[in-house]
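Protein chains in written order, with the numbering used here: chain A, 237 to 866; chain B, 12 to 117; chain C, 658 to 824.
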Amino acid sequence: MELITKLIPLFPLLGFIIAALINRKLSKNTVAYIACVSVLFSFIGTLMVFFNLVNHHSAYEIKVFDWIQAGSFNASLTFLIDPLSSVFLLVITGIGFLIHVFSVGYMIHDDGFRRFFAYLNLFIFFMLLLVMGNNLLVTFIGWEGVGFCSFMLIGFWYKENKNNDAAKKAFVMNRIGDLGFLIAICLIFINYNSLNYTTFLTAGNISIDSPITLITICLFIGAMGKSAQIPLFTWLPDAMVGPTPVSALIHAATMVTAGIYMIARTNVLFSMAPDTMMFIAYIGIATALLGASIGLFQNDIKKVLAYSTVSQLGLMFLALGVGAYTAAVFHVVTHAFFKALLFLGSGSVIHGMGGEQDIRKMGGLKKHMPTTYITFLIGTIAISGIPPLAGFFSKDQILAEVFAQNKVLFILGMIASLMTVFYMFRLLFLTFFGKFRGTHEQEHHLHESPKSMTIPLVILAILAVVAGFIGFPHALGEAMHIHNWFDHFLSPIIGESLNHISLNTEIGLMLVTTVLIIIVVLIAKNVFITKETLPVAENAKLSPLKNLVYHKFYVDEVYDKFLSKPFVAISEFLNKVIDNQLVDGIVNGFGKITIVAGQNLRLLQSGNIGFYIFAIVSALILIFSIFLVN
Amino acid sequence: MEASINGVSLNYYIILSTVLFCIGVLGVMIRRNAIIMFMCIELMLNAVNLLMVAFSRYFGDTNGQVFVVFIMAVAAAEVAVGLAILMMIYRNAKTSDTEVLNQLKG
Amino acid sequence: MSISQYIFWFLSFVAVLSALIVVFAKNPIYSVLNLIITFFAIAGHYFLLNAQFLAAVHIIVYAGAIMVLFLYVIMMLNLNKETEPHKKQYVKLVAVVAAGLLMLTIIGSLKGAEAMVPAGIVNNNIGTVELIGDKLFGEFLLPFEVSSILLLSAMVGAVYLSKKELH
Numbered sequence: 237m238e239l240i241t242k243l244i245p246l247f248p249l250l251g252f253i254i255a256a257l258i259n260r261k262l263s264k265n266t267v268a269y270i271a272c273v274s275v276l277f278s279f280i281g282t283l284m285v286f287f288n289l290v291n292h293h294s295a296y297e298i299k300v301f302d303w304i305q306a307g308s309f310n311a312s313l314t315f316l317i318d319p320l321s322s323v324f325l326l327v328i329t330g331i332g333f334l335i336h337v338f339s340v341g342y343m344i345h346d347d348g349f350r351r352f353f354a355y356l357n358l359f360i361f362f363m364l365l366l367v368m369g370n371n372l373l374v375t376f377i378g379w380e381g382v383g384f385c386s387f388m389l390i391g392f393w394y395k396e397n398k399n400n401d402a403a404k405k406a407f408v409m410n411r412i413g414d415l416g417f418l419i420a421i422c423l424i425f426i427n428y429n430s431l432n433y434t435t436f437l438t439a440g441n442i443s444i445d446s447p448i449t450l451i452t453i454c455l456f457i458g459a460m461g462k463s464a465q466i467p468l469f470t471w472l473p474d475a476m477v478g479p480t481p482v483s484a485l486i487h488a489a490t491m492v493t494a495g496i497y498m499i500a501r502t503n504v505l506f507s508m509a510p511d512t513m514m515f516i517a518y519i520g521i522a523t524a525l526l527g528a529s530i531g532l533f534q535n536d537i538k539k540v541l542a543y544s545t546v547s548q549l550g551l552m553f554l555a556l557g558v559g560a561y562t563a564a565v566f567h568v569v570t571h572a573f574f575k576a577l578l579f580l581g582s583g584s585v586i587h588g589m590g591g592e593q594d595i596r597k598m599g600g601l602k603k604h605m606p607t608t609y610i611t612f613l614i615g616t617i618a619i620s621g622i623p624p625l626a627g628f629f630s631k632d633q634i635l636a637e638v639f640a641q642n643k644v645l646f647i648l649g650m651i652a653s654l655m656t657v658f659y660m661f662r663l664l665f666l667t668f669f670g671k672f673r674g675t676h677e678q679e680h681h682l683h684e685s686p687k688s689m690t691i692p693l694v695i696l697a698i699l700a701v702v703a704g705f706i707g708f709p710h711a712l713g714e715a716m717h718i719h720n721w722f723d724h725f726l727s728p729i730i731g732e733s734l735n736h737i738s739l740n741t742e743i744g745l746m747l748v749t750t751v752l753i754i755i756v757v758l759i760a761k762n763v764f765i766t767k768e769t770l771p772v773a774e775n776a777k778l779s780p781l782k783n784l785v786y787h788k789f790y791v792d793e794v795y796d797k798f799l800s801k802p803f804v805a806i807s808e809f810l811n812k813v814i815d816n817q818l819v820d821g822i823v824n825g826f827g828k829i830t831i832v833a834g835q836n837l838r839l840l841q842s843g844n845i846g847f848y849i850f851a852i853v854s855a856l857i858l859i860f861s862i863f864l865v866n
Numbered sequence: 012m013e014a015s016i017n018g019v020s021l022n023y024y025i026i027l028s029t030v031l032f033c034i035g036v037l038g039v040m041i042r043r044n045a046i047i048m049f050m051c052i053e054l055m056l057n058a059v060n061l062l063m064v065a066f067s068r069y070f071g072d073t074n075g076q077v078f079v080v081f082i083m084a085v086a087a088a089e090v091a092v093g094l095a096i097l098m099m100i101y102r103n104a105k106t107s108d109t110e111v112l113n114q115l116k117g
Numbered sequence: 658m659s660i661s662q663y664i665f666w667f668l669s670f671v672a673v674l675s676a677l678i679v680v681f682a683k684n685p686i687y688s689v690l691n692l693i694i695t696f697f698a699i700a701g702h703y704f705l706l707n708a709q710f711l712a713a714v715h716i717i718v719y720a721g722a723i724m725v726l727f728l729y730v731i732m733m734l735n736l737n738k739e740t741e742p743h744k745k746q747y748v749k750l751v752a753v754v755a756a757g758l759l760m761l762t763i764i765g766s767l768k769g770a771e772a773m774v775p776a777g778i779v780n781n782n783i784g785t786v787e788l789i790g791d792k793l794f795g796e797f798l799l800p801f802e803v804s805s806i807l808l809l810s811a812m813v814g815a816v817y818l819s820k821k822e823l824h
């Protein structure tokens, strides 16, 4: 088991090395084969590790090598396998593998095919490192590594400047969060004298006097950047300019959930900082509402999904904020399935449409792309939370726990999830129903995607249907004697949730939610199928509120005006005044002094020997005079 | 105490050598003919030699005179090479005036 | 005044006077001849200081070899005319002042040497050929041999420098 654990991250790394170093010699098929198989091996290894863990119920650590040892500081590359990390491992390698397979079909005509798979494998490696590390430093390496891969993949089509800008934006925003994370790491070491999860997270080690609130806030800032929470969320929608499989893997299923992983991992700290928890909950709900409301008016198929991701991540943070760590992790898992499914489905649509992403130009794709349609439909139902698909269980668990703690937050969360339902069905109806609105040429070109793309869709669709049952709600299971396996599995890492509501209330909430969801679906159907309402054009007149939402609350513009512009102005000032005049002036001044001095001192070399002798004699006189005076 | 041999004090020799040395220096400074300057250098060498011999005599140490022998050897070598160089210069530049030979002027 | 003192003053006078002529003579030939006289005067001083060996060597090397070489070069280059232009007056003045100052400071610096002379040790045999020979071939054997290499290389150098370009 030890060897297998070590091999899990090694396979993708090997795949990366092969794809990156000798890619020119290999055919596209070979590269695709190597990349997929390496992740498949990781997945198999993960499965073995996972079932071993399920059967023996014992978390373990495996040390690969000592990394830094200085005084009392000790950080080694050690892998920690426990329920939490194994769940994430399964999601990463499993979905990672499916997306690799999907990418083979999606990217086959792209020139950067080999480069793409090299980055993708590297990403899987870093993500595994992030999840498997047993101390914050290894996690941080993975954290930075996935950020880097995300940067490279967003800017994958680097010939277009807007892609590069989006990549830079993502990188810079992540950097802001990373700084918070780094500060938190330093604070944790200073206060608790260790970075190992198993050491510093023991309750006895954490003194009440230590600045827990500060540490947790810093950790949360790190999570904000990576998981796209207010105020650092704007990079995620922009990141959609990358290839669609990247959006599915990195910007929906795995990387953006790293923040949730990190908070769930250090939940002991967070539980001791109620102020931070409140803060997280408010940020989470605000993000959920903001993302969902912007999603209502987006016309780019991927942008809708991106804002949906932002919103869902906000929901997860809401869950974290109310102490429902298990529910958050559960939602990460189910969300990974259906959001990856939706993204891949949108990828399939884009592929079929020949690169078109605007839903106003789609419609009626149902009959052209049946597999994609069915899987997309399943994904939509799952994300909407209609029972008995995956989204229902996880979202219900979150909402139930929020209800137990704060009724206002519950209502807001409810609104956010109802908006989700609306915009998801809007997307579905506009894309697959009605008449085709694109050009004739596009219609002619329409085709179902190849097998390598549809098979992952089908598998993900199946998972999106069944995944929810691992966390079967206690309220429903009571009668049937089915317990919540997921809660139980994670219980060694995450303590029992403190939010209790009566079983009847929970069932009542479920019913209300479901009814509301169905009503919203019907409204959406009425608007987009019966009335065939089309989204407005870019510059149409709208009511002020709609206009505000349509333009994404002008968040980017506000950032630009109040952060970027002053920053650029300061940089400009530093460049023009400090650098060009002061620094360059000093440096050039030295040069000028040397030149002028040289030009003048040069004249002393008169070439006249008599003068030289005179100089020697003068010096001698001086020396002897000093000698005499002393 | 007046250190004198046959009534001649050491100071006399010091003054004499210094005077000769400074005449040599003066010559180098005011003349422009390279050969004359060279001769003045010889004069300076001899002034130093004289002082060396005088010290050797008054301090009762033979080493000083041995050094003078070596200085003479070096001086002979120097003159041989130096005059050869001067001849080359004269052959090429047709002058031995040091104010004309100022190609090293900065 | 003893006879030695008379001789000292006479020789000193001759040496300084002819040295001055070396510097100020217009014709290079006069300079050379006066330099020879200076060397003879210095050789006389060597005799006075009981350095007979050095006196002999001095006359042979300087008067006999070096000055002949000088004369020969001057003749060969045909420099025995008063062609040398003079430096400017103020340059000469500054040079004289500098030389005078140098003289004063050197004398001032060396004056203290007399007080260090050990009393009563007057060895008249210091300058004999025997003693110097002992030193040269004993204690200073290596430098002596090295100086022969120096002379050889100087000879080679002089020959090489003064021959006409062959190609």
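The C-beta atom is built at its ideal place from N, Cα and C for all residues, glycine as well. Keep in mind the model is a prediction, meaning the values are calculated, not measured.
For residue i, does the three-state DSSP call read helix, strand or coil?
| i | result |
| --- | --- |
| residue 470 (chain A) | coil |
| residue 834 (chain A) | helix |
| residue 314 (chain A) | strand |
| residue 534 (chain A) | coil |
| residue 737 (chain A) | coil |
| residue 659 (chain C) | coil |
| residue 89 (chain B) | helix |
| residue 251 (chain A) | helix |
| residue 735 (chain C) | coil |
| residue 299 (chain A) | strand |
Restricting to Cα atoms, I'd like to know which of the options is closest to residue i.
| i | options | result |
| --- | --- | --- |
| residue 322 (chain A) | A:295, A:428, A:302, A:373 | A:295 |
| residue 662 (chain A) | A:588, A:765, A:742 | A:765 |
| residue 644 (chain A) | A:672, A:558, A:708 | A:558 |
| residue 378 (chain A) | A:495, A:616, A:475, A:293 | A:495 |
| residue 741 (chain A) | A:827, A:684, A:638, A:814 | A:638 |
| residue 411 (chain A) | A:381, A:272, A:621 | A:381 |
| residue 100 (chain B) | B:114, B:79, B:18 | B:114 |
| residue 846 (chain A) | B:40, B:86, B:61 | B:40 |
At a Cβ threshold of 8 angstroms, is residue i touching chain C?
| i | result |
| --- | --- |
| residue 52 (chain B) | no |
| residue 856 (chain A) | yes |
| residue 813 (chain A) | no |
| residue 865 (chain A) | no |
Give a yes or no on whether the minimum CB-CB distance between residue i and chain B is below 8 angstroms.
| i | result |
| --- | --- |
| residue 783 (chain C) | yes |
| residue 728 (chain C) | no |
| residue 744 (chain C) | yes |
| residue 802 (chain C) | no |
| residue 806 (chain C) | no |
Are the C-beta of residue i and some C-beta of chain A separated by less than 8 angstroms?
| i | result |
| --- | --- |
| residue 109 (chain B) | yes |
| residue 676 (chain C) | no |
| residue 115 (chain B) | yes |
List the residues of chain B that residue i touches, going by C-beta distances under 8 angstroms, in chain order.
| i | result |
| --- | --- |
| residue 684 (chain C) | Under the 8 angstroms cutoff, chain B gives no residues; its nearest Cβ is about 10 angstroms from residue 684 (chain C). |
| residue 662 (chain C) | 17, 18, 19 |
Run through chain B and tell me which residues come within less than 7 angstroms of residue i, C-beta to C-beta.
| i | result |
| --- | --- |
| residue 718 (chain C) | 83, 87 |
| residue 850 (chain A) | 40 |
| residue 703 (chain C) | 64 |
List the residues of chain C that residue i touches, going by C-beta distances under 8 angstroms, in chain order.
| i | result |
| --- | --- |
| residue 99 (chain B) | 818, 819 |
Chain B partners of residue i, CB-CB under 9 angstroms?
| i | result |
| --- | --- |
| residue 832 (chain A) | None at all; the shortest Cβ gap to chain B is about 14 angstroms. |
| residue 764 (chain C) | 22, 25, 26, 29, 30 |
Below 7 angstroms on C-beta distance, what does residue i contact in chain A?
| i | result |
| --- | --- |
| residue 736 (chain C) | What residue 736 (chain C) touches in chain A: nothing, since even the nearest Cβ is about 17 angstroms away. |
Problem set entry | Segment contact, 8 angstroms Cβ cut-off, at least three pairs: the region 309-328 of chain A with the region 248-257 of chain A | no
For this session: Give a yes or no on contact between the region 531-544 of chain A and the region 690-697 of chain A, applying the rule of three or more CB pairs nearer than 8 angstroms.
Result: no
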